Structures are given as structure tokens and as C-alpha cells.
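Visitor: Adding 176 to a residue's 1-based position in the sequence shown gives its number in the working numbering.
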Amino acid sequence: MAKFSIMLFGIDSYTKENMYLPYKLEAKNANAAVREARKRAKSAYPEFIEDGDPDVEVVKR
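Below, the structure written as C-alpha cells:
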């Protein structure tokens, strides 16, 4: 498993402000890490609406 640094970009639907949510996750591949980050974002910030491509960086293999 590798460590990934994920940055989700979007807006807060309540305040209409741009925001980003950073996550550091362990996953088998980048797609799995992005899915997990999106799942965590929806549970922690239900008003977050993703509006851009996520930024994915491999921290450690």
C-alpha cells in the first residue's frame, strides 16, 4: 500500500465560498485513495460540492 496526499477542490453550498479539503491516506492505488477521500468529505462536510479535479500526490510507496 502507498501513501497518497489528496486535495479535493470545491465550494461550500451554504456559504458559496471556495474551499479545499486535504487528506493523507493509505491505499492500493490513486483511484482508491480519491474514492476514500470523497467518501470522507461527504460524511464530514455534507455541504461540500466538488467542482474541480482532485490533486493527487504519492507521498510514499
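Just so you know, even glycine gets a beta-carbon here, dropped at the ideal spot from N, CA and C. Computed from a prediction, not measured in an experiment: that's the story for all the values here.
Can you name the start and end residues of the alpha helix (DSSP H) that Ser181 belongs to?
Guide: It is not in any alpha helix (DSSP H) - Ser181 instead sits in the beta strand (DSSP E) that spans 178 to 188.
Visitor: The alpha helix (DSSP H) that contains Glu212, what's its start and end?
Guide: Taken as a continuous stretch (DSSP letters only), the alpha helix (DSSP H) holding Glu212 covers 206 to 220.
Visitor: What is the DSSP secondary structure of Asp231, reduced to helix, strand or coil?
Guide: Three-state DSSP puts Asp231 in a strand.
Visitor: What's the C-alpha gap between Ser219 and Val210?
Guide: Taking the straight line from one Cα to the other gives about 14 Å.
Visitor: So the candidates are Met195, Thr191, Tyr190; which of them puts its Cα closest to the Cα of Met183?
Guide: Residue Met195 is the option with its Cα nearest to Met183.
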